[in-house]
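**Student:** In the working numbering, the protein residues as written are 5 to 413.
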């Protein structure tokens with residue numbers, strides 16, 4: 005998880021988040037959530053329901069958030085106000101987690117009989133709810149009706165998990181993991197009307213071409229650029245599919261993940277994605293950031309080749325690999341990726357034309373910098389009419405820059 009948080013940087017820098025907590029066994033997860041949100045750059049203030057006091061003390065939340073906690077007993081209207089109106093004005097986003105079935109049902113019907121509900125009712129910007137309740141309480145007709153009501157409003161509902169609950173039964177109702185909730189918070193701030201109408205496929209990692217039953221031909225690609233693109237597209241609101249051999253950090257559950265190995269695996273998954281696009285008639289983008297082998301073993305063995313059979317020198321016979329970008333139908337905006345050590349722009353422009361791409365991202369490898377496994381990188385965005393330097397930065401920031409350019413294709 006720490007690697008994921010580090011990769012994200014600080015997308016919530018200077019954002020003010022009001023965190024409402026209710027009386028639930030799952031309240032302990034809110035402590036980890038505060039830590040994550042702060043690492044992502046956010047300022048967090050906590051509002052506690054009366055029931056929350058039965059599980060944790062305000063002092064613990066104050067120690068973690070470095071802010072006074074708003075409770076039923078700490079509201080003040082003096083020279084320095086500390087109340088439901090003040091915090092509703094201060095916050096850029098209001099998140100209730102864990103949200104009990106009791107609180108959920110009250111929100112649906114506009115009831116504000118405690119300081120948490122008063123604060124939430126007074127708030128008029130981004131609202132998120134992460135539900136935590138026993139399965140039977142979730143499935144009660146009163147709760148299902150409340151969920152239907154809230155889905156018609158501008159409130160984001162973060163799905164609960166199906167796992168072992170406090171009562172030791174297995175069922176839906178467990179609070180989402182803190183990192184998953186953090187993903188939803190970032191998306192709430194970054195979602196874009198354009199990308200919300202789009203389907204995005206990102207290929208990442210490096211293909212693994214079988215030599216025998218235990219060996220394969222591959223490359224140094226870490227999958228970080230592809231995973232960063234998948235994350236950024238998700239945060240902007242797109243429906244995302246990530247096809248890769250490598251998954252370098254945790255991705256949101258809503259991103260569809262396809263674990264592949266060979267070039268043929270990539271090709272089949274991308275064609276399947278294209279078919280779904282046609283059925284949904286959606287605007288689509290393909291970011292082909294995977295490092296696909298130019299050559300593959302000519303005669304791969306189904307068994308492990310023995311050292312004594314190979315001999316002192318192994319003359320491995322290779323053949324040219326199928327070109328995915330040249331093979332695919334261009335039913336979507338297609339952005340290729342290219343890695344060169346010299347004459348990069350010239351070669352990239354040629355690839356752009358011969359493969360019918362809409363744009364290409366050029367990586368340059370030097371003695372001082374190999375972008376394949378680096379945390380930071382520099383790319384050139386090359387379209388039909390111009391070349392743009394996207395600068396040197398972390399790969400998630402670079403992904404946002406790529407998507408901004410792609411939006412104008």
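Using N, Cα and C, we set each Cβ at its ideal position, and we do this for glycine too.
Hey, could you find the ends of the beta strand (DSSP E) residue 348 is sitting in?
**Tutor:** Looking at the DSSP string, residue 348 is not in any beta strand (DSSP E); the run it does join, the alpha helix (DSSP H), is 348-358.
**Student:** Decide yes or no for the touch test of the segment 280-295 against the segment 392-402: beta carbon pairs closer than 8 Å, at least 3 of them.
**Tutor:** Cβ pair count under 8 Å is below three, so no.
**Student:** What runs of the beta strand (DSSP E), each 3 residues or longer, lie entirely inside the segment 195-230?
**Tutor:** Within the segment 195-230, the complete beta strand (DSSP E) runs of at least 3 residues are 202-208.
**Student:** Under the assumption that residue 182 contacts residue 36 (Cβ atoms under 8 Å), give the Cβ distance between them as a whole number of angstroms.
**Tutor:** Contact flag correct, Cβ pair sits at about 4 Å.
**Student:** According to DSSP, which residues form a beta bridge with residue 175?
**Tutor:** Partner(s): 167.
**Student:** When the distance is taken between beta carbons, is residue 14 closer than 7 Å to residue 253?
**Tutor:** It is not a contact, given that the beta carbons lie outside the stated cut-off.
**Student:** With DSSP as the reference, label residue 288 as helix, strand or coil.
**Tutor:** Of the three classes helix, strand and coil, the one that applies to residue 288 here is strand, per DSSP.
**Student:** According to DSSP, is residue 315 part of a helix, a strand, or is it coil?
**Tutor:** Three-state DSSP puts residue 315 in coil, outside helix and strand.
**Student:** For residue 341 and residue 369, which I take to be in contact (beta-carbon distance under 8 Å), what is that distance rounded to the nearest angstrom?
**Tutor:** Not really, about 13 Å apart at Cβ, beyond 8 Å.
**Student:** Tell whether a beta-carbon distance below 7 Å holds between residue 224 and residue 380.
**Tutor:** No, they are not a contact pair.
**Student:** Taking C-beta to C-beta, are residue 146 and residue 164 nearer than 7 Å?
**Tutor:** Their beta carbons are not under 7 Å apart, which means residue 146 does not touch residue 164 by this criterion.
**Student:** For residue 12, does the count of other Cβ atoms within 10 angstroms reach 16, so buried, or fall short, so exposed?
**Tutor:** When all chains shown are included, residue 12 counts as buried.
**Student:** Determine the direct distance from the alpha carbon of residue 33 to that of residue 211, and round the result to whole angstroms.
**Tutor:** Using only the alpha carbons, I get a separation of about 38 Å.
**Student:** Are residue 99 and residue 23 close, meaning C-beta to C-beta below 7 Å?
**Tutor:** Their beta carbons are under 7 Å apart, which means residue 99 touches residue 23 by this criterion.
**Student:** Using the Cα positions of residue 199 and residue 81, report the straight-line distance between them to the nearest angstrom.
**Tutor:** One C-alpha to the other measures close to 43 Å.
**Student:** Given this structure, state the Cα-to-Cα distance separating residue 388 from residue 115, to the nearest angstrom.
**Tutor:** Answer to the nearest angstrom: the Cα atoms are 57 Å apart.
**Student:** Comparing alpha-carbon positions, which option in 104, 137 and 105 lies nearest residue 173?
**Tutor:** Residue 173 has its Cα closest to that of 137, out of 104, 137 and 105.
**Student:** Taking the straight line between their C-alpha atoms, what separation do you get for residue 97 and residue 74?
**Tutor:** Those two C-alpha atoms are separated by around 16 Å.
**Student:** Roughly how many whole angstroms lie between the Cα atoms of residue 160 and residue 330?
**Tutor:** For residue 160 and residue 330, the distance between alpha carbons rounds to 41 Å.
**Student:** By DSSP, does residue 361 sit in helix, in strand, or in coil?
**Tutor:** Note: residue 361 maps to coil in three-state DSSP.
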